[in-house]
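A.B. asks:
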Amino acid sequence: MWLIIAKVNTGDSKNSEPNVSAAIKAGSESAFELLYRAEYSNLKYFLARYLTDYTLIEDVVHESFLTLWDSRDKINTEQSIKAFLFTIARNRAINILRKKSFRLTDSLDKTETAFKIKALNDEYLTSRIDLLDMKRVIDKTYEMLPVKIKDSFILSRENEMSYKEISEKLGISVKTVEHNISAALKIFRKKLGRFICFILF
363 MWLIIAKVNT GDSKNSEPNV SAAIKAGSES AFELLYRAEY SNLKYFLARY
413 LTDYTLIEDV VHESFLTLWD SRDKINTEQS IKAFLFTIAR NRAINILRKK
463 SFRLTDSLDK TETAFKIKAL NDEYLTSRID LLDMKRVIDK TYEMLPVKIK
513 DSFILSRENE MSYKEISEKL GISVKTVEHN ISAALKIFRK KLGRFICFIL
563 F
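The sequence shown runs 363 to 563 under the numbering used here.
1. Would you check if the distance between the CB atom of Ile511 and the CB atom of Ala546 is smaller than 8 Å?
2. Note the first and the last residue of the continuous alpha helix (DSSP H) segment covering Thr538.
3. Using DSSP with H/G/I as helix, E/B as strand and the rest coil, what is Asp501?
4. Could you give the residue range of the alpha helix (DSSP H) that holds Ile411?
5. Tell whether a beta-carbon distance below 8 Å holds between Leu396 and Ile458.
6. Measuring only the C-alpha atoms, how far is Lys462 from Leu428?
7. Beta-carbon within less than 7 Å of Ile549's beta-carbon, same chain only, minus the 5 sequence neighbours each way: which residues are those?
8. Three-state secondary structure (DSSP) at Thr439?
9. Hey, would you say Phe446 sits closer than 8 Å to Ile437, going by beta carbons?
10. Specify, as a first and last residue, the run of the alpha helix (DSSP H) that Leu430 falls within.
11. Roughly how many angstroms lie between the CA atoms of Leu517 and Met523, to the nearest whole one?
12. Which residues mark the beginning and the end of the alpha helix (DSSP H) in which Glu527 is found?
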């Protein structure tokens with residue numbers, strides 16, 4: 363084991379990397395520390411491409427080294443251990459970004475939903491107020507209708523009687539019934555002009 367580490371410390375970095383990989387895979391803490399010192403700063407700069415929070419970058423660097431150590435039995439000594447380490451770090455950074463993106467999207471969805479609910483509540487409240495106003499106007503309009511016109515209109519709209527039935531009940535001609543109801547509708551249209559949307563829809 364120490365022979366391997368000695369080779370790591372004395373050889374050039376390119377030729378010694380397989381030796382570092384083999385040493386770490388074999389459980390050498392010294393080889394792991396050597397890799398840590400050699401790549402710590404490089405890994406931070408690399409992660410800065412993905413993350414902007416310095417503290418978070420530091421955390422990801424440490425977590426990546428720990429993951430590599432915990433997964434040392436999976437190290438392929440024929441491949442670059444640096445590439446293996448940087449892949450671990452990159453995947454962690456991407457997962458963090460995905461979670462942030464999900465939280466942001468979720469937050470936006472909730473905010474949008476809250477606005478929709480508020481809009482619906484406001485619309486309902488406004489509609490309810492308008493309907494109450496309309497009812498008051500209708501009641502007042504009923505009160506101000508001339509008696510003969512009111513009688514014809516109530517029998518037509520509330521009792522759902524035909525013009526002929528109304529004429530027989532009130533002892534007036536069908537023409538007069540038509541005139542009375544037409545006059546009542548004209549008055550209501552004038553008084554209820556601003557509530558036309560409720561009448562139409």
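Glycine included, C-beta positions come from ideal geometry on N, C-alpha and C. All figures in this text were calculated on a predicted structure; none of them were measured in a lab.
C.D. replies: The answer reads as follows:
1. Contact: yes.
2. Counting along the chain, the alpha helix (DSSP H) containing Thr538 begins and ends at 536-553.
3. If DSSP states are grouped into helix, strand and coil, Asp501 belongs with the helices.
4. According to the sequence shown, residue 411 is Arg rather than Ile. In the DSSP assignment, Arg411 falls outside any alpha helix (DSSP H) and carries neither an H nor an E.
5. Remark: C-beta atoms of Leu396 and Ile458 do not approach each other more closely than 8 Å.
6. Cα-Cα distance, rounded: 23 Å.
7. If we look at Ile549 and ignore the five residues flanking it on each side, its Cβ neighbours are Thr503, Leu507.
8. Coil.
9. A contact, by the Cβ cut-off of 8 Å.
10. Residues 416-432.
11. The straight-line gap from Cα to Cα measures roughly 6 Å.
12. Its alpha helix (DSSP H) spans residues 525-532.
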